[in-house]
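Remarks on the structure that follows.
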Amino acid sequence: MRRLGALAGVGALVLSALATSPATAATTELLSNGTFEGGIAGWSAPFGGTLAASSDARTGTGAIQISGRTAFQSGPAATVTGQLKTDRSYDLSLSIKYTGTPATHNVNVTLCTASRSACAPVVGGTATSGEWLTLTKTFTPAVDTYDYLFVETPWDTTVASFVVDDASLTVQSTTPTTPTVPEVPVVPGNLLPDGRFVDGFTGWQAPRGGTLALTTDAASGLNALKVTGRTNTQSGPFASVTGKLEAGAGYRLSAKLKYTEGPDTQQFNFTFCPANFNGCDDRGQSFTKGEWGSFSKDFVADQRHPGMDWLFVETPWNSNALQDFQVDEISLVKISDAPAGPGFTSLEKVQTKPIGDHNPLVGHKFGADPHHLIYNGRLYIYSTNDTQQYEANSKDANGLPTASNGYGAITTLNVMSTTDMVNWVDHGSVPIAREGGAAPWARNSWAPAAIEKDGKVYLYFCDSGTGTAVVVGGSPLGPWTDPLGKKIIPDTVSRDYVNNGGFPAGMWLFDPEVFIDDDGQAYLYFGGNSQIGSGANVQGPQNPKSTRVVKLKDDMVTLDGDPVEIDGPGMFEASSIFKRDGKYYYSYSSNFQVNEVPGQYPSRGGIAYMMTDDPMKLPASTYAGVAFQNPSTFFGPGNGGNNHSDMFTYKGETYFTYHAQTRGAAWAQALGTAGQTQGYRSVHIDKLEFNADGTIKPIVGTRAGVAQVEDFDPYRTFEAETLAWQLGVKTTATTQPSVEFPEHNGNGNMALSSIDDGDFAALSQVAFGEGAATVSARVKPLVEGASVQVRLDNVDGPVVATLPVEGTAGEWTTVTADVTGATGTHDVFFVFAQPESAAVEATGPLFEVDNWTFTAAQAPVDNDPSIALSATEVRAGGALTVTGSDFTVPRVEVGVASTYRALAEADVVDGAFSAPVVIPSDLEPGTHTIQVRVDGEVVASAAITVLAAGDAGGDPGTGPGASTPAPAAGGSNLAATGGQSGGLAAGAFAGVLLLLAGGAVIWRRRHLSRVSD
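Structural data, given as C-alpha cells:
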C-alpha cells in the first residue's frame, strides 16, 4: 500500500506540476447511466429497498424501479462522493412516476452523507398517480461531503414502489489551456482542501469574518489565499477537519504565511477548534513583515482532537492585530498511527456509557425525541423507540447498522423513570401502533408528549408525519386506552379550517407538545417542516410558519377552536413549551437551510426559542435566540441530524433533555469507523440556566450530565433494571409481578437479561448508612453454578457479598447472601460470573434478574442510662431509694452531689442497680441533686427537695433516729453521703415500678460529660 501511495503521489506531482491560466467552460455530466438504457449499473439503494430495471420509461426503453421499500428514504441513489463543491452551481433534472394509491404524494430529490448525519432536499414536488413528474433545480450545495443523491417520499412509505428515468446532474467544468507557472507538488495524504490554491480555494471559508480571495503574491505557483477586511482576531481562512483527527495518531501541520502591515514581527496561530469554539488548541509562531515565512509542527492528537471541526489561521485573541495576510502551501498529514487499543469483541461489550458519566441516560438501548412527565413526585421520560428500528434494519457481521434510521418500523414508545436523575428504571415500551397497540389503526408512533391531569396520563404521539393522536393511561405505565379511535390532528380539526388552507401543502402534522397552564387551560402544539405551501404561496426556510397551537377542552382530547399559526424564525420541528416567572418559553428545532442572523434567525439544526406573555401568541418578534446548538457541536462526527428537546423543572432545578447519537458513536469508535452512527439516537439531560433578564444561557451538551439530587435507598425491593451504568446486559419483559411498581402488573414488568460472564449492572451513590446485613435477588437461573458479586465503587472494587444463583433452571426463585463491609455511601456494582467449574466461557446467558433487596444491619440498642427516686422530698438525715437502669458498667457512684463528700459505690447487675441513699443531717434545706457517676463523670441525675429535720407535718423519707435501711443481699453499706448499696434485680424491678408510677424525676445523658457543683 505504501508503494501504491508513492506512485499515486508521483502521478499527482506530474499532473499538478504546472498551474493553468483561465479556462473555457464546458458542461460535465456527474451521474452515470441516468437514462437507464443499458440497465441500472451505477445506482444503489443504500437506505433500503430492491432495485430492478423497468421498461416503464419516460423516454427510450429503460428506467429504474424501486420496490420493497423499508423507509421513506428508500429510493434509487447515485453516488456523488467528492463530486460536489460549495463554490459551484449544479443543474439537476429527474423524472419520477408511481401507480396506485394515494392519488397524489410528495416526493423529494435529496442529498445525504452516507451516515445520514447531514441531509438536504434539493427539490420536491407533488406526484400524481400514473403520471410522470419531472423535477428540475439549479442549486449550490451547502457542504461538499454528500455521498448520495436519491429520491424519497417524505415521512412515509405509502408509495411502495416507483420508477425513475432521465436523471441528470451537470456542472460547468473547465478546460485547461497552456501551463504557465510552476506549482509545488500535491502533498500525498493531505487532510485539508488543496492549500496550493492552483485554480481556486474550494473548501476554504471565513465563517468568523473577513473576505477571502486569491492573490498572485504567492509563496509558489500561481496563487495564494489572502484574507482582508478582518473584523476580529479569528477572521481568517478556515478548513473543516471534522472526523479527520484520531486520538493518539501523529500529524504534521505545514504552511507558509506573509503579512505586509503592522509591526515588524507578528505572531500568527494555526488553531484547531470544535464548532462551539470551546477547548481550542492553537500552535503559534512569529513571522517577519514583508517576508514569506515557513511554519511546520509535528504533534500527537490528544482526546480533544477527534472532536475538532475547524483548522484556521488567526492572530492571538488579545493582540488587536487585524491586518490582512495571505497563506500558501497549507497541509495537514498523518505521519503515524495511534497505538492499537483493546480488541473488539461485540457491540454488547462496548461501554457506551462510561462509568462516572451520566449521559446518555442509559447505555443499553436507543431512544429519541424525549419528553418528561412528573407523576407522584417521580420523573418519567418517554422517547421514540429507535431500538425497534435498529432491530428491523440490516446490520453487518458485527451488528453495526448498515441502513440509516428510517423510523418506519417504530410502533412503540420507551418509558424510564428516576427520583435522583442518575439511577434510571427501564420500564420497557408502550405498544402504540399496529396490531397489539393501544391505537392499532396507526402505522407509527414517534415523538411522545405526556402530561398528567386528575390522576390520568395523556400520552400524545405522531403517526409518522401525517398526524397527531393521543392515548390515555391510568398511570405512567398504563393500562392504555384510545379515546378517539383516530387522530386528534387533523381528523378532529374543523373542515372549514382545513379546506381554507389551514394546513398548507408539505406541512407535517407531527411532533406534539402538550401544556396545562396555571389556570387549568390546556394547549396542544404540533407541526413542522422548513418549507410549506405551493406556487406563489411557498413559505420558508426563513419563516416557514409550519407549526400551530390549539386549545384543548377539559377532557384533553377535544379541540377548543381552530389552530393558530406560530411564526418561529427558521422553524423545522420539535415544539416544546414551559412556563417560568410568568413567561412562556416556546422552543423548537431550526431547519438546515435557514440563514443565521443573530437576534433574528437561528443557526442551523439548533434549538431556538421564543418568549411570550401569551401561549397562543407567538409571532416572529418574540424570537429570543438559540438555547442549544446542534448535538454535533458537542459530540462530534455522527451526532448531527435532527434536534429534539424538552425543558422542565424537577426538584427545584431546571433541566434540558435532548437526544444525541452517542451510543452509536461509541459503537462506531470501537469498530474503527468513527462517525458512522446511521442516525440512531440516545437520550441525554443537561442543566438549563437563565440570565438575569430571563433569557436562557447557552446550554452545553455534555457526557458528564447532571448531578445526582439524592442518595439511592437500598433498603427496599427495587427493580434490577434500575441502572446508572451497565455492560453487556439488556432488559426483557417478564410476567413476574413488580414489587416496586405494582402498576406494571398486567401491563408488563421488566427484568435484566442477556447476562454473560463479566457483565455488570451498577447503581450510583447508594446510602448504606450504618451497614447492610443481607442482599437478596429474584432470579431465574439458566445454567447451574452462576453467581453475582456485589462490589463497591467499581467493577473491580471490594466484594461485600456473593449471591449464588441457585434453583431450578428456567424457574424464578429468591436467593440471599450476607453482606459484610457495606457502610456509608458508595456506587454499587452487581458483577455477574459464570460457574467457577466451567472449563470454557458459557455460550448462552447465565440467568435473569427481576429485583434486588438489601436489609439493614440491626444496630445495638443504645438506651440512655436513667434513674428513678422513691421520693422527691426528704428531711435532712432521712433516706430514699435510687434505682437505675440501662447502665453498661459493673459499678457506679451514687449519692447527693457534693464537692467534698465522696459518693458511695453500688453494684450494677444486668444493667440495673437499686441503692438506699441517706441524706446528711447537716445538709442545708432546699434543692439538691442526686447524682450517678461513672469514673467521675455524671451520667444521670435528679433533683430533690431537702426539708429541715424539725419540719412539722408528714415524715418524708426516713426520719432522723429511724433505723437505717439494711442493704439488700449482695449489697454494701455506703459512705457518709448517705448512700446504701443494693444491686439485686429485685431493686431494679422496684425502680421500674417507680418509673411507671411517675414518682421520680429522671435525667438522661447519651454522652458522658463532667458537671461541677
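Here this note's numbering = 1-based position in the sequence shown + 79.
Note that the Cβ used here is the ideal one computed from N, Cα and C, for glycine as well.
Bear in mind the structure is a predicted one, so any value in this text is a computation, not a measurement.
### Message
I need the straight-line Cα distance from THR978 to THR1024, nearest angstrom please.
### Response
Position 899 of the sequence shown, counting from 1, holds the residue named residue 978. Position 945 of the sequence shown, counting from 1, holds the residue named residue 1024. For THR978 and THR1024, the distance between alpha carbons rounds to 18 Å.
### Task
Name the one or two DSSP bridge partners that PRO385 has.
Taking the sequence shown and counting its residues from 1, one reaches residue 385 at position 306. Paired residues: none, contrary to the question.
#### Entry: Same chain, Cβ closer than 7 Å to LYS566, five either side skipped, listed in chain order
For this step, residue 566 is matched to residue 487 along the sequence shown. Once the five neighbours on either side are set aside, the close Cβ partners of LYS566 are ASP542, GLY546, THR547, ALA548.
### Task
Provide the residue span of the alpha helix (DSSP H) that contains ASN578, from first to last.
The residue given as residue 578 occupies position 499 in the sequence shown. Note, ASN578: alpha helix (DSSP H), 574-578.
### Query
Would you report the Cα separation of PHE404 and SER333, rounded to the nearest angstrom?
Numbered from its first residue, the sequence shown carries residue 404 at position 325. Numbered from its first residue, the sequence shown carries residue 333 at position 254. Taking the straight line from one Cα to the other gives about 16 Å.
### Query
Given SER573, which residues of its chain have a CB within under 7 Å of its CB, disregarding the five upstream and five downstream residues?
Within the sequence shown, numbered from 1, the residue matching residue 573 stands at position 494. Cβ within range, chain order: ASP641.
### Query
What residues in its chain sit with their C-beta under 8 Å from that of LEU130, if we drop five residues either side in the sequence?
Looking up residue 130 in the sequence shown gives position 51. Cβ neighbours of LEU130 beyond the five flanking positions: ILE119, TRP122, SER123, ALA124, ILE143, GLN144, ILE145, PRO155.
### Task
Indicate whether GLN621 and GLY612 have their beta-carbon atoms separated by less than 8 Å.
In the sequence shown, counting from the first residue as 1, residue 621 sits at position 542. In the sequence shown, counting from the first residue as 1, residue 612 sits at position 533. With respect to the 8 Å criterion, GLN621 and GLY612 are not classified as neighbours on the basis of their beta carbons.
### Query
So LYS335 and TRP371 are in contact, right, with Cβ under 8 Å, and what is the actual spacing, rounded?
The residue given as residue 335 occupies position 256 in the sequence shown. The residue given as residue 371 occupies position 292 in the sequence shown. Rounded, the Cβ-Cβ distance is 5 Å, consistent with contact.
#### Entry: Close-in-space but distant-in-sequence residues of the same chain around GLY1057 (CB under 6 Å, 5 per side omitted)
Position 978 of the sequence shown, counted from the first residue, corresponds to residue 1057. At GLY1057, the pLDDT of 41 sits below 50, so the modelled position is not reliable and the matter cannot be decided from this model.
### Query
Nearest to LEU556 by CA position, among THR571, ALA947, PRO510, is which residue?
Start at 1 with the first residue of the sequence shown, and residue 556 comes out as number 477. Ranking the options by Cα distance to LEU556, first place goes to PRO510.
### One or two residues paired with SER669 in a DSSP bridge
Along the sequence shown, one-based indexing puts residue 669 at 590. Partner(s): MET650.
### Message
For a quick check, are the C-beta atoms of GLY300 and VAL250 less than 8 Å apart?
### Response
Residue numbering aside, residue 300 sits at position 221 when the sequence shown is read from its first letter. Residue numbering aside, residue 250 sits at position 171 when the sequence shown is read from its first letter. No; because the gap between Cβ atoms is not below 8 Å, this pair is not in contact.
### Query
DSSP on TYR338, reduced to helix/strand/coil?
The count along the sequence shown starts at 1 and reaches residue 338 at position 259. Residue state, collapsed to three classes: coil.
### Message
Does ALA799 pass the burial test, meaning 16 or more other C-beta atoms within 10 Å, or should it be called exposed?
### Response
The residue labelled residue 799 in the question sits at position 720 within the sequence shown. So ALA799 ends up on the buried side.
### Per-residue DSSP class, three states only, for ASN722
As a first step, residue 722 is located in the sequence shown; it is residue number 643 there, counting from the start. Coil.
### Query
Got a sec, what are the start and stop residues for the beta strand (DSSP E) ASP505 sits in?
Residue numbering aside, residue 505 sits at position 426 when the sequence shown is read from its first letter. It spans 503-510 - the beta strand (DSSP E) in which ASP505 sits, taken as one unbroken run.
### Task
Whole angstroms is fine: what's the gap from LEU291's alpha carbon to HIS738's?
Along the sequence shown, read from residue 1 onward, the residue named residue 291 stands at position 212. Along the sequence shown, read from residue 1 onward, the residue named residue 738 stands at position 659. If I take the Cα positions, the gap works out to 36 Å.
### Query
Are three or more beta carbon pairs between the segment 622-630 and the segment 643-660 nearer than 8 Å?
yes
### Query
So what does DSSP say about TYR759, is it helix, strand or coil?
By 1-based counting over the sequence shown, the position of residue 759 is 680. Here TYR759 sits in coil by DSSP.
### Task
Alpha carbon to alpha carbon, how far is PRO220 from ILE656? Give it in angstroms, no decimals.
Along the sequence shown, one-based indexing puts residue 656 at 577. Along the sequence shown, one-based indexing puts residue 220 at 141. Whole-angstrom Cα-Cα distance: 34 Å.
### Among PHE735, HIS384, GLY141, ASP170, nearest to LEU110 - alpha-carbon criterion
Taking the first residue of the sequence shown as 1, we reach residue 110 at position 31. When only C-alpha atoms are compared, the closest one is ASP170.
### Query
Thinking just about the alpha-carbon of each residue, which of THR463, GLU340, TYR537, THR189 is nearest to the one in GLY1093?
Since the displayed the chain opens at 80 and closes at 1092, residue 1093 lies outside it and no answer follows.
### Query
Where does the unbroken beta strand (DSSP E) through ALA318 begin, and where does it stop?
Reading the sequence shown from its first residue, position 239 is the one you call residue 318. Run containing ALA318: 317-319, per the beta strand (DSSP E) assignment.
### Query
How would you write the range of the beta strand (DSSP E) that TRP804 sits in, first residue to last?
Counted from its first residue, the sequence shown places residue 804 at position 725. Here the beta strand (DSSP E) through TRP804 covers 804-806.
### Task
Assign ALA615 to buried or exposed, taking buried as 16 or more other Cβ atoms, counted over all protein chains shown, within 10 Å of its Cβ.
Locating residue 615 in the sequence shown gives position 536, where the first residue counts as 1. An exposed status is given to ALA615, since fewer than 16 other beta-carbon atoms sit within 10 Å of its beta-carbon.
### Query
Going by the CB atoms, is the gap between SER247 and GLY288 shorter than 8 Å?
Stepping through the sequence shown from its first residue, residue 288 is reached at position 209. Stepping through the sequence shown from its first residue, residue 247 is reached at position 168. No Cβ-Cβ contact shorter than 8 Å links GLY288 with SER247.
### Query
Quick one: what's got a C-beta closer than 8 Å to PRO969's C-beta in the same chain, skipping five residues either side?
In the sequence shown, residue 969 corresponds to position 890, counting from 1. Within the same chain, PRO969 has close Cβ partners ASP986, VAL987.
### Message
Could you give the first and the last residue of the continuous alpha helix (DSSP H) run that contains GLU972?
### Response
The residue given as residue 972 occupies position 893 in the sequence shown. Looking at the DSSP string, GLU972 is not in any alpha helix (DSSP H); the run it does join, the beta strand (DSSP E), is 970-975.
### Straight-line Cα distance separating PHE280 from LYS216
One-based indexing of the sequence shown puts residue 216 at position 137. One-based indexing of the sequence shown puts residue 280 at position 201. So the alpha carbons of these two residues sit roughly 25 Å apart.
### Task
Identify, in the order they occur along the chain, each residue of the same chain with its Cβ nearer than 6 Å to the Cβ of ALA528, setting aside the five sequence neighbours on each side.
Here residue 528 is taken as the residue at index 449 of the sequence shown, counted from 1. Result list for ALA528: HIS450, TYR539, PRO591, GLU592, VAL593, in chain order.
### Query
Run through DSSP, which three-state label would LEU452 get?
Along the sequence shown, one-based indexing puts residue 452 at 373. Strand at LEU452.
### Task
Give me the Cα-Cα distance between ASP1001 and ALA991, rounded to the nearest whole angstrom.
Locating residue 1001 in the sequence shown gives position 922, counting from the first residue. Locating residue 991 in the sequence shown gives position 912, counting from the first residue. Using only the alpha carbons, I get a separation of about 30 Å.
### Query
Between which two residues does the alpha helix (DSSP H) carrying ARG742 extend?
Numbered from 1 along the sequence shown, position 663 holds the residue referred to as residue 742. Taken as a continuous stretch (DSSP letters only), the alpha helix (DSSP H) holding ARG742 covers 741-749.
### Query
Between VAL788 and the rest of its own chain, which residues show a CB-CB distance below 6 Å, the 5 nearest in sequence each way excluded?
Locating residue 788 in the sequence shown gives position 709, counting from the first residue. Closer than 6 Å at the Cβ level, and outside the excluded window around VAL788, lie ASP499, MET500, LYS730.
### Task
Figure out for me which residue from ASP792, ALA206, LEU948 has the closest Cα to the Cα of THR904.
The residue labelled residue 904 in the question sits at position 825 within the sequence shown. Ranking ASP792, ALA206, LEU948 by Cα distance to THR904 puts ASP792 first.
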